[in-house]
Each structure stands twice: as structure tokens, then as C-alpha cells.
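Novice:
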Amino acid sequence: MKTAKTFILTAAAVAWPFFSQAANWPQWRGPEFNGSSTERNLPVQWSKTENVKWVTELPGVSAATPAVWNNHVFVTAAIRSSQELVAIALDRRTGKILWQQKVSDGYGQDNRSNYASPSPVTDGQTVWFFFGNGELAAFDFNGKKLWARNIQRDYGPFAFLWTFSSSPLLYDGRLYLQVLQRDVPVNGRGRTDGPNDSYLLAMDPRTGKELWRHIRPSDAREESREAFSTPIPFTHRGRREILIVGGDCISGHDPATGREYWRWGTWNPQRITHWRLVPSPVAAEGVVLACAPKGGPVTAVKLGRNGVLSDSDLAWQSTDRAVSTDVSTPLYYQGRFYVLNSDRRTLSCIEPTTGKVIWTGELKGRSKIEASPTGADGKIYSINHSGEVFIVAAGDTFNLLATIPMGGDPEDRELRSSIVPAYGNLFIRTGTKLYCIGK
Numbered sequence: 197m198k199t200a201k202t203f204i205l206t207a208a209a210v211a212w213p214f215f216s217q218a219a220n221w222p223q224w225r226g227p228e229f230n231g232s233s234t235e236r237n238l239p240v241q242w243s244k245t246e247n248v249k250w251v252t253e254l255p256g257v258s259a260a261t262p263a264v265w266n267n268h269v270f271v272t273a274a275i276r277s278s279q280e281l282v283a284i285a286l287d288r289r290t291g292k293i294l295w296q297q298k299v300s301d302g303y304g305q306d307n308r309s310n311y312a313s314p315s316p317v318t319d320g321q322t323v324w325f326f327f328g329n330g331e332l333a334a335f336d337f338n339g340k341k342l343w344a345r346n347i348q349r350d351y352g353p354f355a356f357l358w359t360f361s362s363s364p365l366l367y368d369g370r371l372y373l374q375v376l377q378r379d380v381p382v383n384g385r386g387r388t389d390g391p392n393d394s395y396l397l398a399m400d401p402r403t404g405k406e407l408w409r410h411i412r413p414s415d416a417r418e419e420s421r422e423a424f425s426t427p428i429p430f431t432h433r434g435r436r437e438i439l440i441v442g443g444d445c446i447s448g449h450d451p452a453t454g455r456e457y458w459r460w461g462t463w464n465p466q467r468i469t470h471w472r473l474v475p476s477p478v479a480a481e482g483v484v485l486a487c488a489p490k491g492g493p494v495t496a497v498k499l500g501r502n503g504v505l506s507d508s509d510l511a512w513q514s515t516d517r518a519v520s521t522d523v524s525t526p527l528y529y530q531g532r533f534y535v536l537n538s539d540r541r542t543l544s545c546i547e548p549t550t551g552k553v554i555w556t557g558e559l560k561g562r563s564k565i566e567a568s569p570t571g572a573d574g575k576i577y578s579i580n581h582s583g584e585v586f587i588v589a590a591g592d593t594f595n596l597l598a599t600i601p602m603g604g605d606p607e608d609r610e611l612r613s614s615i616v617p618a619y620g621n622l623f624i625r626t627g628t629k630l631y632c633i634g635k
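Under this note's numbering, the first residue of the sequence shown is numbered 197, with each subsequent residue one higher.
1) What residues in its chain sit with their C-beta under 7 Å from that of residue 461, if we drop five residues either side in the sequence?
2) Would you call residue 241 buried or exposed, if buried means 16 or more other Cβ atoms sit within 10 Å of its Cβ?
3) Shortest alpha-carbon distance to residue 608 belongs to which of 258, 474, 229?
4) Between the alpha carbons of residue 558 and residue 599, how many angstroms are there, rounded?
5) What are the boundary residues of the beta strand (DSSP E) that residue 546 is part of?
6) Tell me the DSSP bridge mates of residue 446?
7) Rounded C-beta distance between residue 426 and residue 476? I'm assuming under 8 Å.
8) Roughly how many angstroms separate the alpha carbons of residue 626 and residue 234, rounded to a whole number?
9) Determine whether the beta carbon atoms of residue 366 and residue 430 lie at a separation below 9 Å.
10) Whole angstroms is fine: what's the gap from residue 300's alpha carbon to residue 384's?
11) Is residue 347 helix, strand or coil by DSSP?
12) So the beta strand (DSSP E) residue 399 belongs to, where does it begin and stop?
13) What did DSSP end up calling residue 509 once you bin it into helix, strand or coil?
14) In the structure shown, what three-state DSSP assignment does residue 289 receive?
15) Per the contact definition of three or more C-beta pairs closer than 8 Å, is the stretch 301-320 in contact with the stretch 358-374?
16) Just how far apart, CA to CA, sit residue 618 and residue 275?
17) Alpha carbon to alpha carbon, how far is residue 515 from residue 493?
18) Quick one: what's got a C-beta closer than 7 Å to residue 293's C-beta in the same chain, skipping five residues either side?
19) Closest to residue 398 by C-alpha separation, out of 368, 248, 623, would be which residue?
20) With distance defined between alpha-carbon atoms, name the residue in 304, 268, 289 nearest to residue 278.
Next comes the structure, spelled out in C-alpha cells:
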């Protein structure tokens with residue numbers, strides 16, 4: 197039976213292709229939804245001019261991570277001069293811009309980010325672009341718009357203090373989007389004619405029409421209700437779940453209906469009001485990580501549970517202050533979790549089932565690191581706000597292999613796009629440039 201807070205219009209009646217080609221990077225956290233790839237023979241040494249296959253100047257800035265499928269690379273841009281939000285496709289082999297389509301007017305609502313922060317997602321035939329002003333559009337690989345809608349127009353204005361930046365998720369024949377927001381307006385943003393509900397929305401990827409919308413309640417207060425995380429799928433002992441974190445709790449949902457299987461919370465027992473949540477969940481080896489903000493702990497929740505969970509359902513919770521992340525999402529790679537602490541500029545290697553800290557190493561640079569780390573070819577790649585790329589060996593000891601400056605342009609500020617490994621190359625998005633590194 198559907199819960200009273202889940203609204204079902206239709207059911208997805210078709211199968212959907214899975215992301216079977218390991219060389220592709222189809223969505224924000226990659227083909228495995230955990231930041232990892234099976235790519236090999238990736239470059240370790242390069243500069244802005246050496247070992248660069250191509251570099252393309254883009255019309256605007258973005259914090260979105262590129263999506264790569266076969267010979268296409270998809271990115272977004274917010275153009276300051278014209279106040280436009282655009283979707284862009286490039287030729288993976290040459291960097292040539294194949295097409296650029298305006299999706300909406302707009303740029304951003306604050307000086308920390310812009311509306312082009314959510315990452316595109318593709319299945320090899322269609323690519324979906326979402327922007328922080330609510331615009332959601334689908335294009336074919338030739339740049340033909342298939343459909344478009346605005347989430348704010350359809351469900352009410354977003355009630356966020358900062359620019360909304362959750363990315364869409366394509367999984368199991370549905371396109372998902374989470375909106376975890378304040379229950380009352382803030383700075384003139386939000387509904388005044390009804391409740392500002394938080395929800396998980398499932399849509400038909402072919403048409404954009406709603407399949408269902410599950411209202412997700414929360415006991416969090418004020419800014420702590422806001423989440424900029426992205427839903428992540430995971431299968432544990434045959435049960436598929438959509439994992440959502442935000443509003444002082446983490447929950448697992450039925451992908452077919454949105455029904456909540458379980459929830460745990462909170463990392464915020466004192467109900468502090470300014471703990472917005474940014475890192476997305478990452479799951480592996482029977483646990484899912486929920487990362488408290490503002491220097492709070494990382495908590496591993498045991499999967500396979502039902503109902504409202506207690507602390508007895510936790511596998512571990514970090515006590516080392518270095519094992520914390522305020523913005524970047526942890527990586528799971530080669531049997532380990534890797535947690536990047538943006539403020540301390542450290543990377544920690546964690547044993548998944550026990551929480552044992554295997555090592556913590558310092559990533560010395562000029563700025564904080566808020567892009568999420570990527571794992572491939574036995575290495576961990578990350579980039580800081582000013583464009584310094586750090587390459588660390590994955591393994592039992594901390595080994596910083598290289599630090600490579602890729603910034604320096606006027607728009608290379610607060611860079612947050614994750615590095616993408618695909619087809620033997622690394623794709624690095626700086627302020628207004630996209631680099632393809634390698635042969």
C-alpha cells in the first residue's frame with residue numbers, strides 16, 4: 197500500500213539500460229555511483245601545456261562534473277555577460293563544441309556559486325541537464341530538445357538560503373530529483389501559499405512527466421533542513437534502494453514508489469539550526485556513510501534495516517577530527533573509503549566495516565578542496581578551489597604522487613568539478629576551460 201505522503205501517477209513500465217560501459221562516466225559520481233572507475237593507464241604527469249590532448253574555452257563557469265559517453269562530453273555553463281544557462285556537447289576526441297543550447301535565462305542567486313552547479317546525466321542516447329533555478333531539460337545527442345519543465349514552477353519556489361545544486365539521478369528506468377528544503381520561506385524564497393515540502397521526485401525520463409512524488413518529513417530546523425546532496429542508488433542483499441541524506445537524517449527508499457524503508461538520525465541531537473548538508477551518501481560493504489557538516493563526524497549506518505533506526509544500527513562513527521567532510525562526497529575505491537576534509541586539506545583512508553583510519557595525509561595547497569575525489573588506475577584524483585590537482589596512490593600508506601597547477605585564469609575561483617577518467621584520459625573542468633589530459 198502506498199503511504200499517504202507518496203503520490204503515484206503512473207508506473208515505469210519499461211526496462212532501462214544500465215551504465216554497462218566502464219569507459220563512460222554517465223553521471224556525477226560515475227558508473228558505480230561511488231566516484232570510482234575501472235579506467236587504467238591514466239596520466240600522472242602533465243601541465244597546462246604538456247601532455248594535453250586538447251583544451252576548449254567554454255562560454256561560462258560551472259561547478260558541474262562533465263558526463264562522458266562514447267565520443268560525447270557534456271557540460272553546462274552559466275554565462276555572466278548574457279545571464280544565460282546553457283547545455284553544451286563536445287567531441288571527446290577533439291574538444292570541438294558540437295552544439296550549445298540555451299536552456300534558460302539566469303545566472304545565480306548568491307556569490308558563492310551559480311545555477312550551473314548540478315551535473316548532467318546520460319544513458320548514451322539522451323542527456324538530461326538540471327539547473328539550480330529549477331530548469332530541467334532533455335536533449336538527444338544531436339542537440340534536439342526532447343522536453344523541458346521547471347521544477348519550481350510545477351511544485352513551488354525553492355526555499356534555500358544558498359543556490360540549489362542537487363544533481364539528477366538516472367536509475368532503473370526513472371529520473372530522480374530530490375528537493376530537501378526549508379519548511380518556511382527564507383529571504384523571500386519559498387512558497388507563501390502553502391507548505392514548503394521536502395520531497396523525492398521520480399519522472400519518466402522520456403517525457404519528464406511525474407511518476408510519483410514522495411514527501412520526506414524532517415525534524416530539522418531552519419537551514420539544517422537544506423540539503424545540496426544527490427540521491428544515490430545501492431543494492432544490498434537483493435533490495436534496491438535510493439539513499440537520501442539531509443534534514444539531519446539519512447533514509448533509504450523504494451525506487452519504484454518512493455516509500456521509505458528506513459531512516460536514521462541524527463548527527464545533530466541539539467538541533468543546531470545552521471547545519472545545511474552537502475555531501476551525498478556513498479555505500480559499500482553493507483554500510484552507507486552519512487557525513488555531518490561543520491566538522492561533524494562521518495557515520496556508517498548498517499544497510500538492510502527497516503523502520504526508524506537507533507544507534508545500535510550503526511557500524512561506526514568517526515572520532516578522529518580529520519575524518520570529516522563539509523562539502524565533498526567520500527570516495528569508495530578498491531575496498532576503502534576515502535574522506536577528503538576540505539578545511540584541513542587532508543585525505544583519510546578508511547576501512548569500511550570498522551571505520552579504522554588506515555592513514556591521513558595532507559594535501560598542501562593554496563586553497564580548500566570541495567570537489568569530490570575520484571578513484572581510478574590505482575590513484576585518487578582531486579582538485580582544489582584554485583585549480584591545483586592532487587594525485588595520491590590508493591593503498592595502505594599515504595603517497596602523494598604529484599601536485600599539478602591547472603588554475604590561474606580570472607575565473608579559476610572556487611573550482612568544484614570532480615575530475616573525470618574516461619577512455620584513457622582525464623577531463624578537468626576549470627573556470628571556463630575543459631582540459632582533456634593524455635594522449
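Note that the Cβ used here is the ideal one computed from N, Cα and C, for glycine as well.
Bear in mind that the values here come from a model prediction, so they are computed numbers and not experimental data.
Specialist: Looking at the coordinates:
1) 444, 445, 446
2) exposed
3) 258
4) 12 Å
5) 542-546
6) 441, 460
7) 5 Å
8) 24 Å
9) no
10) 21 Å
11) helix
12) 395-399
13) helix
14) coil
15) yes
16) 27 Å
17) 7 Å
18) 252, 284, 286
19) 368
20) 304
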